[in-house]
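Input: a single structure, listed below in structure tokens.
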Amino acid sequence: MTRCLKTFLYTMTHDLTFYIIVIVSILAFVATYFLINTDGAFDNHIYIGEGDSRIYLEYEKEDPSIVVKNGSMGQTYSPVQPIFEQNSIDNSFGINNLVVTAMIYIFLAHTVYQASFFGRLYKNGVIRNYIIAGISKVKVFASCFILSELLLILQFALGIAVTALTCAIKGGYMIIWWPSFALCLLAIFLILSFVSVCVLALMFLSRNQLITLILPVVLGLAAVYYFTPEMIRIAGNQPYEADIEVGSRAYTLLTDEKNEYYVDSDSFAEKLYVNGELIDYLDKSKPNPDYPGDLVRDSARFFIKSNVMSFPEYLLMFEYDAFVRDGVMTQYIVISSCYTVAMFAVGCIIARKRNLN
Amino acid sequence: MENILTVNNICKSYGKKKVLDDVSIRIPKGSIYGLIGKNGAGKTTLMRIITSLQEPQSGSVELGKARIGALIDSPAFYANLSAKENMTAHFKTLGLTSYDAIDELLKLVKLDDTGSKAAGKFSFGMKQRLGIAIALSGNPDIVLMDEPINGLDPQGIIEIREIILDIYKQKGTTFIISSHLLDELSKIATDYAFIDHGRIIKEISAKELIEGSGKSYSATVSDASKVCKVLDDEGKRYKLISDKKIRIEDEMTLAGMSDIAERCGVELIEFTEHDTSLEGYFINLVEG
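Chains F and R supply the protein sequences, listed in that same order.
Residue numbers 1 to 357, in my numbering, belong to the letters of the first sequence in order.
Residue numbers 1001 to 1288, in my numbering, belong to the letters of the second sequence in order.
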């Protein structure tokens, strides 16, 4: 397999398209930096009333330098009034969002390049040379996969280096939530690996470069559509777009020496809908007695799987709470690892069984 | 003679179609082994199985420690790389660390002056020669070539033939070559296997083929026994096939045979000269 990898590396580095993809990767990060170079913040408001008479019960703001600000902006609240929650979406990207966003573009470029590079094995019949040289089809397949992963790592590393350099020159953002960000990158890497191994299996199955060129784009777009926005949302502080219906909820005005707080006084329920489908139900029973104003409360969460999701994304996308990060990432990593390993095994079987014509 | 490669009872089917049916051959070391058969006879499949490109349903290939190089179907190379880069890539595939032999091989196949030109832009003959150089990389003990001269112009055919003979004489490499151009194959092959409908119908050395040949003629007459007497008188070698058919294994012309028939008072119905070339041998073998 080492021989096969050495040959792949040699042919890759003697191929103009390899340098094109490197340049595309760099440009994707630089372009993304400038495209989203607007400072902003994540706003979450809970309020009563409409328009100018709006009264904020909770006002939460995040920016890269100040993780969470909580404040009570209000007046006395009458529980009979309806309560609204607003999650506003702005272009408040941290650098981690920037990196994740750029991954979308490099991933598309990667899948097309991968299909093109490895498709030549069949198009030119070069795979015969490897087999005749005593390298089994499974080893060729595994080498393709390893090289594809190496290329992804190179693109990731390039992206982060270019972004760091751009930030150093132009001034930029702080990297926030490093542990989550690292996990997010790993999850993205694994999801892209899964798509990569699908592309390779497809190539061995179809032996047709055109199909191998077209379908990766479809797979890539699907991955981008389903997975990457979720990653962006979880990796950074960008709020999610969702309609939240706040159920019976009441606030009590508390004061300390300096501030006033409106805190939950009754149990209430929160329901999260996506595309009209109930996917999350949160029952908060009582306020935190230790620190009035702290958002952490004793709560009971009921997870309801959404029916609108279909295989395989429902397994990957079942947590919509932007404030729960590491747990979600772990789920992503575990599940996408399982998919990658399973698909790799399927790919090996396909490669093994496939005759060369 | 020692065999460098033995194929034992290979069977291979594509769906219900049996492509190879209990094929067994023995390739003598240091031979140029011609594999002869019609389209779809199973030559390419047999070569693919020998080179591990396909797996047989049953049977085995005994190769020992012999290393194989092959040019199966069209030459396989990276179209975007130059001849030298393709050779370097293949040397890496073979695990070779010294690249000194690349220039020598490219010179042998007359591609040493192609520079950085992409192999995809080569002419058909150049591509074929590059395929041969790739097959010869790493000094293989056996080189398989499937229709290596198909589609080449006469000059190209001569060049390929000379390359094969050069390597054969210099290094004693064993070649297995399939070709439709039997006349061309007969100029270099030392051994032959004839394959038809997935079965090996004859294995013969070039020496045996030459010894067994010699002109022969078939004559169909109204009474063969009368003709036999005249042939005996004239000391001609012949075989009586039936009461009307004789196979004459000596020099004979149509005029001569007509004369004999006239003298015997029999009617000459048919007179056929048998082709003793490789092509003729093959046709006789396959078509009875």
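Glycine is no exception: its CB is placed at the ideal position from the N, C-alpha and C atoms.
Selected residue, minimal CA-CA separation from residue i, among the options
{"i": "Cys348(F)", "options": "Ser336(F), Phe145(F), Thr32(F)", "result": "Phe145(F)"}
{"i": "Asp1022(R)", "options": "Thr1051(R), Ser1060(R), Ile1032(R)", "result": "Ser1060(R)"}
{"i": "Pro1056(R)", "options": "Ser1013(R), Ser1178(R), Leu1071(R), Ile1157(R)", "result": "Ser1013(R)"}
{"i": "Arg1129(R)", "options": "Glu1162(R), Ser1024(R), Lys1092(R), Met1257(R)", "result": "Glu1162(R)"}
{"i": "Ala31(F)", "options": "Met343(F), Gly159(F), Ile214(F), Met203(F)", "result": "Gly159(F)"}
{"i": "Leu1005(R)", "options": "Gly1015(R), Gly1030(R), Lys1016(R)", "result": "Gly1030(R)"}
{"i": "Ile350(F)", "options": "Thr163(F), Leu210(F), Ile188(F), Ala142(F)", "result": "Ala142(F)"}
{"i": "Ile191(F)", "options": "Phe344(F), Val126(F), Thr166(F)", "result": "Phe344(F)"}
{"i": "Leu121(F)", "options": "Thr11(F), Ala109(F), Thr340(F), Ala342(F)", "result": "Thr11(F)"}
{"i": "His1197(R)", "options": "Asn1008(R), Lys1038(R), Val1007(R)", "result": "Lys1038(R)"}
{"i": "Leu5(F)", "options": "Ile127(F), Thr17(F), Leu16(F), Ser25(F)", "result": "Ile127(F)"}
{"i": "Ser1116(R)", "options": "Tyr1099(R), Val1109(R), Glu1085(R), Leu1096(R)", "result": "Glu1085(R)"}
{"i": "Ala222(F)", "options": "Leu205(F), Leu27(F), Ala164(F), Ser196(F)", "result": "Ser196(F)"}
{"i": "Lys1171(R)", "options": "Asp1100(R), Ala1261(R), Glu1234(R), Gly1138(R)", "result": "Gly1138(R)"}
{"i": "Glu162(F)", "options": "Leu219(F), Thr7(F), Val22(F)", "result": "The sequence given here places Val at residue 162(F); Glu does not occur at that position. The residue with the shortest Cα to Cα distance from Val162(F) is Val22(F)."}
{"i": "Ile214(F)", "options": "Asp15(F), Ile26(F), Tyr19(F), Gln114(F)", "result": "Gln114(F)"}
8 Å Cβ cutoff met for residue i and residue j
{"i": "Ile1149(R)", "j": "Leu1106(R)", "result": "no"}
{"i": "Ile1036(R)", "j": "Tyr1168(R)", "result": "no"}
{"i": "Ala1041(R)", "j": "Leu1081(R)", "result": "no"}
{"i": "Val156(F)", "j": "Ser336(F)", "result": "Position check: residue 156(F) holds Phe in this sequence, whereas Val was assumed. It is not a contact, given that the beta carbons lie outside the stated cut-off."}
{"i": "Val217(F)", "j": "Val112(F)", "result": "yes"}
{"i": "Pro1075(R)", "j": "Lys1121(R)", "result": "no"}
{"i": "Ser148(F)", "j": "Leu185(F)", "result": "no"}
{"i": "Ser1178(R)", "j": "Ile131(F)", "result": "no"}
{"i": "Arg1048(R)", "j": "Ile1068(R)", "result": "no"}
{"i": "Arg3(F)", "j": "Lys137(F)", "result": "no"}
{"i": "Ile1246(R)", "j": "Val1230(R)", "result": "no"}
{"i": "His1090(R)", "j": "Ile1134(R)", "result": "yes"}
{"i": "Ser1216(R)", "j": "Ile1248(R)", "result": "yes"}
{"i": "Lys1244(R)", "j": "Thr1220(R)", "result": "yes"}
{"i": "Met1145(R)", "j": "Phe1124(R)", "result": "no"}
{"i": "Leu1136(R)", "j": "Ala133(F)", "result": "no"}
{"i": "Leu1268(R)", "j": "Met1257(R)", "result": "yes"}
{"i": "Ile1025(R)", "j": "Ala1189(R)", "result": "no"}
{"i": "Leu1046(R)", "j": "Ile1102(R)", "result": "no"}
{"i": "Phe1077(R)", "j": "Gly1131(R)", "result": "yes"}
Three-state secondary structure assigned by DSSP to residue i
{"i": "Arg207(F)", "result": "coil"}
{"i": "Gly159(F)", "result": "helix"}
{"i": "Leu1290(R)", "result": "Past the boundaries of the shown model lies residue 1290(R); chain R is included only from 1001 to 1288, so the question cannot be answered."}
{"i": "Glu1234(R)", "result": "helix"}
{"i": "Arg1067(R)", "result": "coil"}
{"i": "Ser1369(R)", "result": "There is no way to answer for residue 1369(R), as the model of chain R reaches only from 1001 to 1288."}
{"i": "Gly1015(R)", "result": "coil"}
{"i": "Gly1265(R)", "result": "coil"}
{"i": "Thr1253(R)", "result": "coil"}
{"i": "Glu1002(R)", "result": "coil"}
{"i": "Ala1041(R)", "result": "coil"}
{"i": "Thr11(F)", "result": "helix"}
{"i": "Thr1220(R)", "result": "strand"}
{"i": "Ser1242(R)", "result": "coil"}
{"i": "Thr1174(R)", "result": "strand"}
{"i": "Ser1205(R)", "result": "strand"}
{"i": "Thr1051(R)", "result": "coil"}
{"i": "Gly1059(R)", "result": "strand"}
{"i": "Ser377(F)", "result": "Within the shown structure, residues of chain F are numbered from 1 to 357, placing residue 377(F) beyond reach of any answer."}
{"i": "Asp1191(R)", "result": "strand"}
{"i": "Asn129(F)", "result": "helix"}
{"i": "Asn1080(R)", "result": "coil"}
{"i": "Thr2(F)", "result": "helix"}
{"i": "Glu245(F)", "result": "Its pLDDT being 43, under 50, Glu245(F) is placed unreliably by the model, and nothing is read from it."}
Residue i: contacting residues in chain R (beta-carbon distance under 7 Å)
{"i": "Asn124(F)", "result": "Ala1076, Phe1077, Tyr1078, Ala1079"}
{"i": "His14(F)", "result": "Leu1081, Glu1085"}
{"i": "Tyr358(F)", "result": "Summary: the structure shown does not reach residue 358(F), with chain F confined to residues 1 through 357, and so no result is reported for it."}
{"i": "Ala363(F)", "result": "Past the boundaries of the shown model lies residue 363(F); chain F is included only from 1 to 357, so the question cannot be answered."}
Interface partners of residue i on chain F, CB under 8 Å
{"i": "Lys1092(R)", "result": "Arg3, Lys6, Thr7, Tyr10"}
{"i": "Thr1088(R)", "result": "Tyr10"}
Chain-ordered neighbours of residue i on chain F, where CB pairs are closer than 7 Å
{"i": "Asp1291(R)", "result": "Residue 1291(R) falls outside the range modelled here, since chain R spans only 1001 to 1288, and no answer is possible."}
{"i": "Ala1101(R)", "result": "Those within 7 Å of Ala1101(R) in chain F number zero; the least Cβ separation is about 15 Å."}
{"i": "Ile1134(R)", "result": "Asn129"}
Amino acids of chain R, ordered along the chain, whose beta-carbon sits closer than 9 Å to that of residue i
{"i": "Arg120(F)", "result": "Tyr1078, Ala1079, Asn1080"}
Contacts that residue i makes with chain F (C-beta to C-beta distance below 9 Å)
{"i": "Thr1051(R)", "result": "Arg128, Ile131, Ile132"}
Near the ligand SAH: residue i beta-carbon under 7 Å from a heavy atom
{"i": "Lys1110(R)", "result": "Here there are no bound small molecules, and the ligand SAH is not part of this structure."}
Chain-ordered chain C contacts of residue i [CB-CB under 9 Å]
{"i": "Ala1070(R)", "result": "Chain labels in this structure do not include chain C; the protein chains are F and R."}
Restricting to runs no shorter than 3 residues, where is the beta strand (DSSP E) found entirely within the segment 1090-1171 of chain R?
1142-1146
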